[in-house]
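A.B. asks: Before I ask anything, let me first share the structure, which is written out below as C-alpha cells.
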Amino acid sequence: MGEPYKRKISCLVSDFFRVVIACMTIMVVMFFLRGLQEWLLNSKNYQLRKVVIKGSRFLSAKEILSNTDLCSQIDILHVNLTEVERQIRRNPFIASVYVTKRFPAAIEIEIRERLPVAYVNGTELMSVDSKGVILPLPKSGSVSDLPVITGIKKLTGKPGQQTVNDTLLQAVEILTKCPKSLYRQISEVHFDQRYGFLLYLTDYYFPIYLGQGAYSRKLQYLQVLLLRLWKEKRLASLYYVDLRFENQAVVR
C-alpha cells in the first residue's frame, strides 16, 4: 500500500473515533440533564411554601387566590404563570396582575386593584370604578363610605366590564373631577331628566343643581362657594344651590 492510502485510512479511523466520542458525550450530557430534571421535579425543596402579594389595598389574600389552584403541596416548577394570572383576573376587582416565581419555594403576585368610587342604585345595588367598570359590592369595611349614584336606568354590563351607559359615565366623571375635600362631602349624585345632575351633601339636605357639562369648572367653583357659605354660617339654612347657568350661581 502506498503512503497516501495509509494516511487516508488513518484519517477515517480518527474521524470515526471523534464521532463516537462526541455521541457518547452527548448521551452522557442528556442522561445527566434527564436525571437533574427528575431530581428537580421530585425534590421537596421546590414545594410552594410562601405566596407574596403586592399592591393589594382592600382585597384579602384569600379573595385574590380564591380562583387559583395554588396550594402548599404544589411544586412551583409545575406552576403555569400565565394560567395563574388568568385565574386571578377572574376577580372583577383585579385590573392587572403579574405573577413570578421566586426560587426555591415562593410565588410573588403583583396586582393593581379597581377601586370603587361610588355605589350605583340601578336594578340592583352595584359599585363602579373611576373608568366606569361595573363592580360587585365591596365587602363591608373594605373601603370607606362611598357616594351613591341614583336615577340610572337600563344599567347594563357584567361585573368587570365597562358600562356603555352614558349617564353613568357622566356621573363617574363628576366624582372623579371633584376635589378630594368635596368628594368626601358628597352623599349622592342623582340624575334627573329635567334638571340634569344634582348633588347632595352628607351633612346638609339642600340639592345642588349641577346640570350637564363643564363639570370641572362647576365643581371647582362649588368648592369655593361652599367654603364661603360655611364661613358665613349659611349652609344650614339653604334651600338649594343652582350652578346650571354659565358664570353664575343661584343660592337660596
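First residue of the sequence shown: 118, per this note's numbering; consecutive thereafter.
A virtual CB, placed ideally from N, CA and C, is assigned to each residue, including glycine.
Valine 260 and alanine 223 - do their beta-carbons sit closer together than 8 Å?
C.D. replies: Cβ distance not < 8 Å, so alanine 223 and valine 260 don't count as in contact.
A.B. asks: In the DSSP output, which residue or residues are listed as bridge partners for phenylalanine 210?
C.D. replies: BP columns for phenylalanine 210 are empty, so no partner.
A.B. asks: What does the Cβ neighbour count give for arginine 231, buried or exposed, with the cut at 16 atoms within 10 Å?
C.D. replies: Answer is buried; the Cβ neighbour count reaches 16.
A.B. asks: How many Å lie between leucine 327 and glycine 313 at the Cα?
C.D. replies: Each residue's alpha carbon lies about 7 Å from the other.
A.B. asks: Since isoleucine 266 and valine 306 are thought to touch, with beta carbons under 8 Å apart, how far apart are those beta carbons, to the nearest angstrom?
C.D. replies: About 5 Å; that satisfies the 8 Å criterion.
A.B. asks: For the candidate residues Gln302, Asp309 and Gln310, whose alpha-carbon lies nearest to that of tyrosine 317?
C.D. replies: Of the listed residues, the one whose Cα sits closest to tyrosine 317 is Gln302.
A.B. asks: Can you list, in chain order, the residues of its chain whose CB lies under 6 Å from that of proline 209, leaving out five sequence neighbours each side?
C.D. replies: Once the five neighbours on either side are set aside, the close Cβ partners of proline 209 are Leu252, Pro276 and Gly277.
A.B. asks: Going residue by residue through the region 277-329, where are the continuous alpha helix (DSSP H) segments of at least 4 residues, counting only ones entirely within it?
C.D. replies: You should have 283-294 and 297-300.
A.B. asks: Roughly how far, in whole angstroms, is the beta-carbon of leucine 165 from the beta-carbon of isoleucine 205, given that I think they are within contact range, below 8 Å?
C.D. replies: Actually they do not touch by this definition, with Cβ atoms about 15 Å apart.
A.B. asks: Taking asparagine 162 as the reference, give the member of Val196, Lys350 and Phe220 with the closest Cα.
C.D. replies: The shortest C-alpha separation from asparagine 162 is found at Phe220.
A.B. asks: Relative to the alpha-carbon of aspartate 246, which residue among Glu202, Arg345 and Leu263 has its alpha-carbon at the smallest distance?
C.D. replies: Ranking Glu202, Arg345 and Leu263 by Cα distance to aspartate 246 puts Leu263 first.
A.B. asks: Under a three-way DSSP split, which group does serine 177 fall into?
C.D. replies: Coil.
A.B. asks: Can you name the start and end residues of the alpha helix (DSSP H) that arginine 166 belongs to?
C.D. replies: Per DSSP, arginine 166 belongs to no alpha helix (DSSP H) and is neither H nor E.
A.B. asks: I need the straight-line Cα distance from serine 177 to glutamate 227, nearest angstrom please.
C.D. replies: Rounded to the nearest angstrom, the two C-alpha atoms are 13 Å apart.
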